[in-house]
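Below is one structure, written out as structure tokens; comments come after it.
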């Protein structure tokens, strides 16, 4: 494996649960994403971070926090479009698939590639147990 990325390496917009540098991760996805981002940067990659929020409070408050952040990420992707080539998305599935699908549509509309980082095999379970609309979005 090469230690550094060469000229012309893709610039990455990294979206998902991401631990803040130097702070403990709240879970495995945050920890894994932080490690991968740090490793990519050590190898010379340009990485923009678009972290999901820390949502606290009632279901309504959490829902509003996530809705605002996903909308902000969509706007930021448009604003930062000249700074990345690939959207790397670590999806959380379930209720997030609709917002995550929107982020993919935004990236595709900007002519960007999208990489879905599917982990832990949970995607298959969600795919099989959700409805037709969920599966249609996942298949897009």
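In the numbering used here, the protein residues as written are 4 to 143. Where a beta carbon is used, it is the ideal one built from N, C-alpha and C, also for glycine.
**OP:** Taking only the alpha-carbon atoms, compute the straight-line gap between residue 118 and residue 70 and give it to the nearest angstrom.
**Re:** 22 Å
Original post:
Taking the runs of the beta strand (DSSP E) that are 3 residues or longer, which of them lie wholly in the segment 11-74?
Top reply: 15-19, 50-54
Original post:
What's the C-alpha gap between residue 144 and residue 36?
Top reply: There is simply no residue 144 to check, as the chain begins at 4 and stops at 143 in what is shown.
Subject >> Rounded C-alpha distance that separates residue 28 from residue 20 >> reply: 9 Å
Subject >> DSSP-derived helix/strand/coil call for residue 116 >> reply: strand
Subject >> Short CB-CB distance (under 8 Å) between residue 138 and chain B >> reply: Although the question refers to chain B, the structure presented lacks it and comprises just one protein chain.
Original post:
Would DSSP call residue 106 helix, strand or coil?
Top reply: helix
**OP:** Quickly, what does DSSP pair residue 89 with across the bridge? List them, please.
**Re:** 15, 116
Original post:
With residue 40 and residue 17 assumed to form a contact (beta carbons below 8 Å), what rounded beta-carbon distance in angstroms separates them?
Top reply: 6 Å
Original post:
Hey, how far is the Cα of residue 3 from the Cα of residue 10?
Top reply: Outside the shown range of the chain (4 to 143) lies residue 3, about which nothing can therefore be said.
**OP:** State the Cα-Cα distance for the pair residue 80 and residue 91, rounded to the nearest angstrom.
**Re:** 12 Å
Original post:
Which of the three DSSP states, helix, strand or coil, is assigned to residue 140?
Top reply: helix
Subject >> Residue environment, residue 106, which counts as buried when at least 16 other CB atoms sit within 10 Å >> reply: buried
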